[in-house]
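For the sequence shown, UniProt numbering assigns the number 1 to the initial residue and increments by one for each residue that follows.
Don't be surprised by glycine CBs; every beta carbon is placed ideally from N, CA and C.
Report on the structure given below.
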Amino acid sequence: MSETLLSSRNLAFELYEVLDAEGLTQRERFAEHNRETFDAALGTARSIAEKYFAPHNRKGDEHEPRYENGQAILIPEVKPAVDAFLEAGFLNATRDFEAGGMQLPTLLSQACFAHFQAANVGSSAYPFLTMGAANLIESFGSQEQKQRFLQPMIDGRFFGTMALTEPHAGSSLADIRTRAEPAGDGSYRIKGNKIFISGGDHSLAQNIVHMVLAKLPDAPPGVKGISLFIVPKFLVNADGSLGQRNDVLLAGLFHKMGYRGTTSTALNFGDNGECVGYLVGKPHAGLAYMFQMMNEARIGVGMGAVMLGYAGYLYSLEYARERPQGRLPDGKDPSAPQVAIIQHADVRRMLLTQKAYVEGAFDLGLYAARLFDDTTTLDDEAGRQQAHELLDLLTPIVKSWPSQFCLKANELAIQILGGHGYTREYPVEQYYRDNRLNPIHEGTHGIQSLDLLGRKLAQNGGAGLKRLIRLIIETCGRSQAHSSLDALRQPLEQLVARLQTVTLGLLGDLATGKVTATLANSALYLKAFGHAVIGWRWLEQAIRAEEGLARGDAADRDFYLGKRQAARYFLTWEVPGCEHELRLLEARDDTCLAMRDEWF
């Protein structure tokens with residue numbers, strides 16, 4: 001049977017040959033696990049994803065949530081799928097055994113969740129958002145808030161959302177107008193409007209806990225005046241029972257190009273002046289708190305983009321193997337049998353490009369999960385800090401690079417199917433539409449590039465950047481043990497050297513106050529930086545492939561040769577092209593910045 005979600009062989013390669021998942025079992029927190037327990041969790045995830053999530057992926061797209069009598073109505077197949085996810089324990093995969101969790105490493109939890117994202121990104125979003133909201137309350141909520149809201153979320157009885165965006169402000173959170181007035185009893189009355197709230201209404205759980213950004217009456221202007229509030233759909237009594245409906249109204253649903261299975265809502269808070277909210281943590285510190293959930297969501301969005309690209313790649317690969325059409329250019333006999341289109345060089349080019357994009361990004365997403373495990377379970381504080389700095393630096397790449405290039409993979413999947421590719425009878429057009437949200441979701445490319453160049457690079461004296469460069473140099477050094485990788489290593493070394501030179505110049509300009517001009521082409525920087533990171537991850541995979549080939553296992557020979565070829569493609573076809581972006585950055589080209597409104 002063909003694999004439609006992700007390659008199980010590639011997943012095993014990543015976990016056990018590249019990222020050393022088994023090594024995590026030497027840490028105290030994961031000591032009760034081994035490869036068998038890891039594989040059992042992965043097998044359960046695949047089974048549930050195939051049985052409950054994948055079958056209604058198309059139906060959820062064709063029958064998007066509808067607004068009826070103030071409620072969002074979903075197709076009936078979503079709830080049993082989500083319930084199966086909850087019953088299997090994946091909502092709490094990383095939590096302590098004592099709290100009802102599996103105590104899995106984040107690396108394994110992410111690998112499990114990838115199956116659900118590939119099978120049905122729309123339905124998987126509901127538990128994904130809940131996990132992020134629960135982690136937020138666990139990190140910053142009071143003991144009473146944890147008892148009243150967090151525990152029911154852990155139990156799967158309450159779901160969660162993040163409510164940031166407002167109609168007039170968009171991504172500019174400094175300009176939000178939602179207000180929170182003290183009620184005199186420790187609670188607050190929230191009034192405002194939020195839009196594009198994913199999962200903002202449904203009937204999958206008893207209650208929905210909205211994590212809402214709002215401003216107190218004494219709030220200073222800008223982002224330093226934002227506070228975070230818990231606002232439940234239904235009030236919760238002291239004994240944990242549900243009270244009356246809170247003054248949170250579903251104003252309507254947005255009708256999206258893709259990702260339709262997840263409700264996208266407009267919510268009105270406090271139309272009747274009775275919307276009860278509870279302050280989380282300190283006043284005016286809400287954005288700093290919310291960044292925890294936002295960064296988790298950014299990594300999750302990046303992985304969602306990967307898995308949509310991955311699903312499209314696997315489908316177009318199978319199609320190309322089975323679809324006969326035409327003959328090779330040197331085949332002159334028109335009566336000869338047609339060949340499968342995978343025999344055509346340009347189809348192989350498109351398949352190889354997809355493989356390079358999705359398997360490179362898949363590696364990066366899992367590497368980020370491994371880094372998160374290091375931030376929490378390494379023995380030494382210095383090691384935990386280094387992992388945190390590197391993860392912080394890479395987060396814009398983990399979110400944005402797959403959102404751009406795995407979307408390109410989806411585009412190529414459509415192209416391989418030809419006329420069938422853009423018909424609804426085949427899934428690749430839906431994968432493309434679903435994935436088109438991700439370059440916007442949780443911060444656009446522009447926002448991520450500003451974050452990377454304007455903030456992350458110089459953070460903590462550039463500690464994360466220095467750590468990354470050391471790791472790339474170390475990988476390049478190890479690759480020299482394999483002469484076949486010389487031609488792959490050299491383009492990466494050249495890109496990293498050029499990138500360092502350009503980066504120092506840009507950071508120098510930022511330090512002297514040339515902020516607008518320096519950041520004008522930050523999107524170009526994000527692309528070049530991202531290619532360097534993915535190139536590094538491909539060189540790492542190529543080393544592991546060479547080691548696998550040296551072991552001489554005939555059953556895996558084709559797999560390892562395919563890995564080496566994909567690495568060769570990315571490092572010799574894609575990486576050298578970044579010189580164009582670097583030249584524009586080095587010249588401080590102002591073509592776009594100098595354009596004027598009236599010239600359009």
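Using only the alpha-carbon positions, how far apart do residue 215 and residue 91 sit? Here residue 215 refers to the residue found at position 215 of the sequence shown. Here residue 91 refers to the residue found at position 91 of the sequence shown. The alpha-carbon atoms of residue 215 and residue 91 are separated by roughly 31 Å.
Can you tell me where the beta strand (DSSP E) holding residue 57 begins and where it ends? Within the sequence shown, the letter at position 57 stands for residue 57. From DSSP, residue 57 is part of no beta strand (DSSP E) but of the alpha helix (DSSP H) over 57-62.
By Cβ distance, which residues of its chain are closer than 6 Å to residue 485, with the 5 residues on each side in sequence left out? Your numbering for residue 485 matches position 485 in the sequence shown. If the five residues before and after residue 485 are omitted, its C-beta is found closer than 6 Å to the C-beta atoms of 479, 542, all from its own chain and listed in chain order.
Residues in the same chain with beta-carbon distance under 8 Å from residue 168, minus the five sequence neighbours each way, listed in chain order, please. Along the sequence shown, one-based indexing puts residue 168 at 168. Excluding residues within five positions, the ones whose Cβ falls inside 8 Å are 175, 177.
Give the range of the alpha helix (DSSP H) segment to which residue 282 is assigned. As a first step, residue 282 is located in the sequence shown; it is residue number 282 there, counting from the start. No alpha helix (DSSP H) contains residue 282, which DSSP labels as neither H nor E.
Own chain, CB closer than 7 Å to residue 97, minus 5 neighbours either side, in chain order: Numbered from 1 along the sequence shown, position 97 holds the residue referred to as residue 97. Within its own chain, the residues whose Cβ lies closer than 7 Å to the Cβ of residue 97, once the five positions on either side in sequence are excluded, are 103, listed in chain order.
Assigned secondary structure, residue 198 (DSSP; H/G/I helix, E/B strand, else coil): Counting from one through the sequence shown, the residue named residue 198 turns up at place 198. Here residue 198 sits in strand by DSSP.
As assigned by DSSP and simplified to three states, the class of residue 410: Translated into positions along the sequence shown, residue 410 becomes position 410. If DSSP states are grouped into helix, strand and coil, residue 410 belongs with the helices.
Mark residue 159 as exposed unless 16 or more other C-beta atoms lie within 10 angstroms of its C-beta, in which case mark it buried. Walking along the sequence shown from the start, residue 159 turns up at place 159. When all chains shown are included, residue 159 counts as buried.
To the nearest angstrom, report how far apart residue 516 and residue 567 are at their CA atoms. Taking the sequence shown and counting its residues from 1, one reaches residue 516 at position 516. Taking the sequence shown and counting its residues from 1, one reaches residue 567 at position 567. Looking at the two C-alpha atoms, the distance is approximately 36 Å.
For residue 276: DSSP bridge partner residues: The count along the sequence shown starts at 1 and reaches residue 276 at position 276. For residue 276, which the question treats as bridged, DSSP gives the partners 189.
Can you give me the Cβ contacts of residue 327 inside the same chain, cut-off strictly under 7 Å, excluding the 5 residues immediately before and after it? Within the sequence shown, the letter at position 327 stands for residue 327. Counting only Cβ-Cβ distances below 7 Å, and skipping sequence neighbours, we find 336, 338, 339.
Could you tell me which of 112, 68, 13 sits nearest to residue 43, measuring between CA atoms? Position 43 of the sequence shown, counting from 1, holds the residue named residue 43. Residue 43 has its Cα closest to that of 112, out of 112, 68, 13.
I need the straight-line Cα distance from residue 569 to residue 120, nearest angstrom please. Locating residue 569 in the sequence shown gives position 569, where the first residue counts as 1. Locating residue 120 in the sequence shown gives position 120, where the first residue counts as 1. Whole-angstrom Cα-Cα distance: 30 Å.
DSSP on residue 120, reduced to helix/strand/coil? By 1-based counting over the sequence shown, the position of residue 120 is 120. Here residue 120 sits in coil by DSSP.
Would you call the CB atoms of residue 496 and residue 472 closer than 9 Å? Start at 1 with the first residue of the sequence shown, and residue 496 comes out as number 496. Start at 1 with the first residue of the sequence shown, and residue 472 comes out as number 472. With respect to the 9 Å criterion, residue 496 and residue 472 are classified as neighbours on the basis of their beta carbons.
Following the continuous alpha helix (DSSP H) through residue 246, name the residue where it begins and the one where it ends. In the sequence shown, residue 246 corresponds to position 246, counting from 1. No alpha helix (DSSP H) contains residue 246, which DSSP labels as neither H nor E.
Nearest-angstrom Cα distance between residue 11 and residue 310? In the sequence shown, residue 11 corresponds to position 11, counting from 1. In the sequence shown, residue 310 corresponds to position 310, counting from 1. When rounded, the distance between both Cα atoms is 12 Å.
For a minimum of 4 consecutive residues, which ranges assigned as the alpha helix (DSSP H) are wholly contained in the region 321-384? Runs of alpha helix (DSSP H) with 4 or more residues, each lying fully within the region 321-384, are found at 345-377, listed in chain order.
In the DSSP assignment, what residue or residues form a beta bridge with residue 161? Counted from its first residue, the sequence shown places residue 161 at position 161. According to DSSP, residue 161 bridges with 210.
Would you decide whether residue 278 is buried or exposed? Buried here means 16 or more other CB atoms lie within 10 Å of its CB. Sequence index remark: in the sequence shown, residue 278 carries index 278 (1-based). Looking at its Cβ environment, which holds 16 or more other Cβ atoms inside 10 Å, residue 278 is buried.
For the putative contact between residue 560 and residue 548, defined by C-beta atoms under 8 Å, what is the C-beta separation to the nearest angstrom? Position 560 of the sequence shown, counted from the start, is the residue given in the question as residue 560. Position 548 of the sequence shown, counted from the start, is the residue given in the question as residue 548. Contact annotation, residue 560 with residue 548: C-beta distance approximately 4 Å; criterion of less than 8 Å satisfied.
Less than 9 Å between the C-beta atoms of residue 212 and residue 441, yes or no? Position 212 of the sequence shown holds residue 212. Position 441 of the sequence shown holds residue 441. Contact flag unset, no.
Beta-carbon gap between residue 116 and residue 197 smaller than 9 Å: Taking the first residue of the sequence shown as position 1, residue 116 is located at position 116. Taking the first residue of the sequence shown as position 1, residue 197 is located at position 197. One thing to note: residue 116 has its Cβ no nearer than 9 Å to the Cβ of residue 197.
Residue 259, DSSP secondary structure in three states: In the sequence shown, residue 259 corresponds to position 259, counting from 1. Coil at residue 259, not helix or strand.
Is there contact between the region 256-271 and the region 314-333, where contact requires at least three CB pairs shorter than 8 Å? By the Cβ criterion, the region 256-271 is not in contact with the region 314-333, since fewer than three pairs of Cβ atoms, one from each stretch, lie closer than 8 Å.
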